[in-house]
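Asks: Starting off with a structure, shown below.
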Amino acid sequence: GENVEQHPSTLSVQEGDSAVIKCTYSDSASNYFPWYKQELGKRPQLIIDIRSNVGEKKDQRIAVTLNKTAKHFSLHITETQPEDSAVYFCAAIVIKTIFGAGTRLFVKA
Amino acid sequence: DTEVTQTPKHLVMGMTNKKSLKCEQHMGHRAMYWYKQKAKKPPELMFVYSYEKLSINESVPSRFSPECPNSSLLNLHLHALQPEDSALYLCASSHDGQRYTGELFFGEGSRLTVL
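Residue numbers (the numbering used here), protein chains in the order written: chain A, 1 to 109; chain B, 1001 to 1115.
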C-alpha cells in the first residue's frame, strides 16, 4: 500500500522567513496530494492541494510543488506569520487518503 | 452549510459500556469517513462509506461498529473498548463517492477516554 514520509517533524522559523516541508510517497498510482493544517485542539483543514497532472500550484503565501518522477512533493510558506504555527500534514491518495506523520511548525514573533 | 457536525465532543466510558459517536453533514457528500487520531500523530483511517455502503474497513477491531443510516449520517458504535482506544475520533466527508479524491471536510472530533 501507499506510504508517505514527511520531513522535518519539527520546524522553527522566525516571523517573515520561509518554511519548507517535504514529503515522499511510494505508490506511483497516487494522483492527488493535499496538505492539511491542524491547529492545536482543532480539526484538520485543507490549505492547498495538487493533482498529478500539475507540477506547481500557488495560493497567496502558500505553494506546493510536485515531482512525479521522484515521487516527492513540497509545501512552501513564504513570509511566515505567528498564526501559521500549527501541525501540517501532507497526504497522498490512491483510493484512500494516507497522511504523512506531520510537521509541527513554530513561527517565532 | 459546509460543516461536519460531531457529537458528543467529549466522552468518558468504562470498558463494559456501550456508547455511540454521531456525525452529520448536509453538503450532499457521497463519501463519509471515520478516522482515529492519537496525540501528536496523523489521522488514521478506520472506515469509509461510499453511497451509504461500507467500502473500506482498515481491519478495525469489531468493538468498533460503523453504521450509515442515510446519506447525511454516520455513526460509530463502541462496545467493550480498551484504554488504548482513547483518542480523538474524527468524522470526515468528501464529495466524490467513487475515487475519494478531493477535499476531506473534518468535524471537530469526539475526544474519547476509556477508563
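Backbone N, C-alpha and C define an ideal beta-carbon position, used for all residues, glycine too. Note that the structure is a prediction, hence the values are computed from the model and not measured.
Check the Cβ-Cβ distances between V1012 (chain B) and every residue of chain A, and say whether any is below 8 angstroms.
Replies: Position 12 of the second sequence holds residue 1012 (chain B). For V1012 (chain B), the answer is no, since every Cβ of chain A falls outside 8 angstroms of its Cβ.
Asks: Can you tell me which residues form a DSSP beta bridge with C23 (chain A)?
Replies: The residue you call residue 23 (chain A) lines up with position 23 of the first sequence. Beta-bridge pairing links C23 (chain A) to A:Q6, A:F73.
Asks: Taking DSSP as the reference, what is the three-state secondary structure of E1024 (chain B)?
Replies: By 1-based counting over the second sequence, the position of residue 1024 (chain B) is 24. It is a strand residue.
Asks: Taking C-beta pairs closer than 9 angstroms, name the residues in chain A that G1097 (chain B) reaches, listed in chain order.
Replies: As a first step, residue 1097 (chain B) must be located in the second sequence, where it is residue number 97. In chain order: nothing, as chain A lies at least about 12 angstroms away.
Asks: Mind checking if P44 (chain A) is an interface residue toward chain B, Cβ cutoff 8 angstroms exclusive?
Replies: Walking along the first sequence from the start, residue 44 (chain A) turns up at place 44. Answer yes: the Cβ-Cβ gap between P44 (chain A) and chain B drops below 8 angstroms somewhere.
Asks: Where does E15 (chain A) sit, in a helix, a strand or coil, going by DSSP?
Replies: For this step, residue 15 (chain A) is matched to residue 15 along the first sequence. Coil, per DSSP.
Asks: Output, in chain order, the set of chain B residues within a Cβ distance shorter than 9 angstroms of Y32 (chain A).
Replies: One-based indexing of the first sequence puts residue 32 (chain A) at position 32. Chain B residues near Y32 (chain A): R1099, Y1100, T1101, G1102.
Asks: With a CB to CB cut of under 8 angstroms and the five nearest residues on each side skipped, what residues in its chain are close to E56 (chain A)?
Replies: Residue mapping note: residue 56 (chain A) aligns to position 56 of the first sequence, counting from 1. So the list reads I50, A63, V64, T65, L66, once near-sequence residues are dropped.
Asks: Keeping to the same chain, check which residues put their C-beta closer than 6 angstroms to that of V1060 (chain B); ignore five residues upstream and five downstream.
Replies: Within the second sequence, residue 1060 (chain B) is the residue found at index 60, counting from 1. Correct list, in chain order: M1046.
Asks: Please check if any C-beta of chain E sits within less than 8 angstroms of the C-beta of K22 (chain A).
Replies: Absence of chain E from the displayed structure is noted, the protein chains being A and B.
Asks: Assuming V87 (chain A) contacts Q14 (chain A) under a Cβ cut-off of 8 angstroms, what Cβ separation, rounded to an integer in Å, is found between them?
Replies: Residue numbering aside, residue 87 (chain A) sits at position 87 when the first sequence is read from its first letter. Residue numbering aside, residue 14 (chain A) sits at position 14 when the first sequence is read from its first letter. The pair is not a contact, with the Cβ atoms about 19 angstroms apart (cut-off 8 angstroms).
Asks: Can you confirm whether the segment 1010-1023 of chain B touches the segment 68-79 of chain A when touching is taken to mean that 3 or more C-beta pairs between the two stretches lie within less than 8 angstroms?
Replies: no
Asks: May I ask you to report which of helix, strand or coil DSSP gives D49 (chain A)?
Replies: Here residue 49 (chain A) corresponds to residue number 49 of the first sequence, with the count starting at 1. Residue state, collapsed to three classes: strand.
Asks: Count the other CB atoms, across all protein chains shown, that sit within 10 Å of the CB of T69 (chain A); report buried if there are 16 or more and exposed otherwise.
Replies: Here the question's residue 69 (chain A) lines up with position 69 in the first sequence. Under this definition T69 (chain A) is an exposed residue.
Asks: Take P1043 (chain B) as the anchor and find which of B:E1108, B:N1075, B:T1113, B:V1114 has the nearest alpha-carbon.
Replies: Taking the second sequence and counting its residues from 1, the one referred to as residue 1043 (chain B) is at position 43. Answer by Cα proximity: B:E1108.
Asks: Please say whether G102 (chain A) and C23 (chain A) have beta carbons closer to each other than 8 angstroms?
Replies: As a working mapping, residue 23 (chain A) is identified with position 23 in the first sequence. As a working mapping, residue 102 (chain A) is identified with position 102 in the first sequence. Cβ distance not < 8 angstroms, so C23 (chain A) and G102 (chain A) don't count as in contact.
Asks: Answer yes if the segment 1078-1097 of chain B comes into contact with the segment 1024-1038 of chain B, meaning at least three C-beta pairs across the two stretches below 8 angstroms, and no otherwise.
Replies: yes
Asks: Which whole-angstrom value is the C-beta distance of L1054 (chain B) and F1064 (chain B), which I expect to be below 8 angstroms?
Replies: Residue mapping note: residue 1054 (chain B) aligns to position 54 of the second sequence, counting from 1. Residue mapping note: residue 1064 (chain B) aligns to position 64 of the second sequence, counting from 1. 12 angstroms between Cβ atoms; not a contact.
Asks: Should S28 (chain A) go down as buried or exposed, given a rule of 16 or more other Cβ atoms within 10 Å for buried?
Replies: Translated into positions along the first sequence, residue 28 (chain A) becomes position 28. Classification of S28 (chain A): exposed, given that the 10 Å Cβ count is below 16.
Asks: Going by other Cβ atoms of all chains shown within 10 Å of its Cβ, with 16 needed for buried, is L1115 (chain B) buried or exposed?
Replies: Position 115 of the second sequence, counted from the first residue, corresponds to residue 1115 (chain B). Exposed, because fewer than 16 other Cβ atoms sit within 10 Å of the Cβ of L1115 (chain B).
Asks: Let me check understanding here. Comparing Cα to Cα, which of B:F1106, B:A1080, B:N1075 lies closest to L1160 (chain B)?
Replies: This structure does not reach residue 1160 (chain B), given that chain B is present from 1001 up to 1115, and the question cannot be answered.
Asks: In chain A, which residues lie with their C-beta within 8 angstroms of the C-beta of E1108 (chain B)?
Replies: On the second sequence, residue 1108 (chain B) is found 108 positions in, with the first residue counted as 1. Within chain A, the residues near E1108 (chain B) are K42, R43.
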